[in-house]
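Per mature numbering (1 follows the signal peptide of the UniProt record, and there is no 0), the sequence shown runs over residues -26 to -1, 1 to 493. Cβ coordinates follow ideal geometry from the N, Cα and C atoms, glycine included. Since this is a predicted model, take the numbers as computed values, not measurements.
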Amino acid sequence: MAIRSSKACWISLLLALAAVALPARAEEPAAAASEGAAEAVLTLDVDSFDEAVAKHPFMVVEFYAPWCGHCKKLAPEYENAAKALSKHDPPIVLAKVDANEEKNRPLATKYEVQGFPTLKIFRNQGKNIQEYKGPREADGIVDYLKKQVGPASKELKSPEDVATHFDDKKIYIVGVFKEFSGTEFTNFMEVAEKLRSDYDFSHTLHANHLPRGDAAVERPLVRLLKPFDELVVDSKDFDVAALEKFIDATSTPRVVTFDKNPDNHPYLMKFFQSTAPKAMLFLNFSTGPFDSFKSVYSAAAEEFQNKEIKFLIGDIEASQGAFQYFGLKEDQTPLILIQDGDSKKFLKDHIEADQIVSWLKEYFDGKLTPFKKSEPIPEVNNEPVKVVVADNIHDFVFKSGKNVLIEFYAPWCGHCKKLAPILEEAATTLLSDEEVVIAKMDATANDVPSEFEVQGYPTMYFVTPSGKVTSYDSGRTADDIVDFIKKSKETAGATQATPTSSEKAADAAEKAEPVKDEL
């Protein structure tokens, strides 16, 4: 059974962001505990999971894979945090599940595990489940989770409370009320509980305690304080959905900056995880024209703020993950790229600052032509694993009349490099089977068709002659791959009517491959 994904994640970019955001640390200790010592982290499986969730009102669960490098790095930190948190009153339980083990995969599917490691917070015997979005080193995990077990919103009773609670570099959401009761307060606390892993919430009866904003404002209201754009934004709409929308819309800079400043990391993650169209301007921050580009681009973002589009400005040095993902080159900068909700891309390289606004207007007016990125079709393609590019993938995969296992890879991906000789061995084993082809496509140099959902590298799909698209999530040995193909292939004369492209796309989305290059 495939691990399904519920949203599009730009995993390649997020990997790069994680590298930027996390400071280098000294070599990790070889193990968190001496051999034979009991682990503080609770090990769960499909048989014990529900009982553990029901037993513990607050529990953090790591879904991991034994082969995952990032999981291995997290293990000693997670164990040390579990030891420290076991002494907390009440104890905070940290657990783990091997989501790569066959019998545990239904758990990974149920809880929408998209990559490894994935950490989730289970509150109130599993009635409230949230993504863990805190640090990944022991001290940071401990501090973050101690805050998570307290009230979702803290009451601010005095200016001293505010001075202790607030940091000018963070986002805070404060409910200002006449009294701590009624529909408005109830809805505010509901949103605070739901979003507490993302934001700091507090509530008060006195607006004059707050460091910014009108102290004489009529209550009740929600005040969002932030370190960018308008420093204070108020809302009086206490509908739960409206509150969530207000927080989402105002908690990200109008123009997100992609550089090496770790303070920007949360905004970058939110930007790339959004399904909205994205405008991205890439240039060298250290050169003279940067200031003029930034000024014009910021003004453009303000001019088009009512359009459904998000804006980013990225430094060449920090944006290598984005350049790899999109197949861009530094000598194209300054460049602006738009990726819309339909995965169409629009590119203007060597753009001048005074061209930005007019080019954006052409995009909004539908006057730009999307480009398709493709490597040249190979003139010679006689290796066991065939090379496919964007310009011939439909003919090669969907119109060949063969069973095709296709790998989407990135040249820089370590897991892809490990997989390459294994695919070669499997393809060599199946050379005599004329109904089967194993192929690969560099997804950083070619646009991936909409029939496939590629969220990480490597991602593999199996396509039958009838057009059935299935994500491959079986073993990583040549024998595993060969066995899967032999069991799954359609034979000549047994194919069904070819599904429509929309049916294939829907099937691909339903059976999307789990991320193989980890966060």
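- The residue from Leu342, Asp314, Phe338 and Gly315 with its alpha-carbon nearest to that of Lys322 is Leu342.
- Taken through DSSP and simplified to helix, strand or coil, Thr138 comes out as helix.
- A Cβ-Cβ contact shorter than 8 Å links Val136 with Pro185.
- In this chain, the alpha helix (DSSP H) harbouring Glu25 covers Phe23 to Lys29.
- Sixteen is the threshold: when 16 or more other Cβ atoms of the shown chains lie within 10 Å of the Cβ of Ala292, as they do, the residue is buried.
- Assignment of beta-bridge partners to His177 by DSSP yields Glu129 and Gly149.
- Taking each of Ala69, Val428 and Glu357 in turn and checking the Cα distance to Glu398, the smallest one comes out for Glu357.
- Taking 8 Å as the cut-off, the beta carbon of Glu158 is found no closer than this to the beta carbon of Val214.
- Taking the Cα of Asn78 as reference, the smallest distance to any Cα among Thr444, Phe23 and Gly43 is reached at Phe23.
- Looking from the CA of Lys303, the closest CA among Phe285, Ile221 and Phe256 belongs to Phe256.
- In the assembly as shown, Lys94 is a buried residue. Its beta-carbon has 16 or more other beta-carbons within 10 Å.
- Residue range Gly156 to Leu169 is occupied by the alpha helix (DSSP H) that includes Phe159.
- Under the DSSP assignment, Glu399 falls in the alpha helix (DSSP H) whose first and last residues are Gly388 to Thr403.
- In the DSSP assignment, Asn54 falls within the alpha helix (DSSP H) that extends over Gly43 to Leu59.
- Within the stretch 197 to 264, the alpha helix (DSSP H) runs of at least 4 residues that lie entirely inside it are, in chain order, 214 to 224 and 239 to 247.
- Linking Ile412 to Thr418 through their CA atoms gives a straight-line distance of about 19 Å.
- Taking 4 residues as the shortest admissible run, the stretch 263 to 340 contains the following complete alpha helix (DSSP H) segments, listed from N- to C-terminal end: 264 to 277, 294 to 300 and 330 to 338.
- Note that the stretch 435 to 444 touches the stretch 368 to 376; at least 3 beta-carbon pairs, one per stretch, sit closer than 8 Å.
- Listed in chain order, the non-local C-beta contacts of Gly301 below 7 Å within the same chain comprise Lys347, Thr418 and Ala419, local neighbours out to five positions each way being set aside.
- When secondary structure is reduced to three states using DSSP, Phe32 falls in the strand class.
- By the Cβ criterion, the stretch 242 to 256 is in contact with the stretch 276 to 293, since at least three pairs of Cβ atoms, one from each stretch, lie closer than 8 Å.
- For Arg97, the beta-bridge partners assigned by DSSP are Phe32 and Asn102.
- DSSP places Val371 in the helix class (H, G or I) of the three-state scheme.
- Between Val71 and Val35, the C-beta spacing is below 8 Å.
- Measuring C-alpha to C-alpha distances from Lys335 to each of His324, Glu349 and Phe320 identifies Phe320 as the nearest.
- Counting the other CB atoms within 10 Å of its CB gives Leu195 a total of 16 or more, which places it among the buried residues.
- Within the same chain, and ignoring the five residues on either side of Cys390 in sequence, the residues whose Cβ sits closer than 7 Å to its Cβ are Tyr383, Ala384, Tyr431 and Pro432.
- Here DSSP, grouped into helix, strand and coil, assigns Tyr431 to coil.
- In the DSSP assignment, Phe382 forms a beta bridge with Met415 and Thr433.
- Counting only the Cα atoms, Gly340 lies some 44 Å from Thr160.
- In the displayed model, Phe37 falls within a strand according to three-state DSSP.
- Looking at the DSSP output, Thr92 shares a beta bridge with Phe37.
- Exclusion of the five residues before and after Ser266 leaves Ala327 as the residues of its chain whose Cβ lies within less than 8 Å of its Cβ.
- Straight-line spacing of the CA atoms in Gln104 and Ser171 works out to 7 Å.
- The way I'd put it, the stretch 104 to 121 doesn't touch the stretch 193 to 208; fewer than three beta-carbon pairs between them come closer than 8 Å.
- Lys128 and Lys200 have their C-alpha atoms roughly 18 Å apart.
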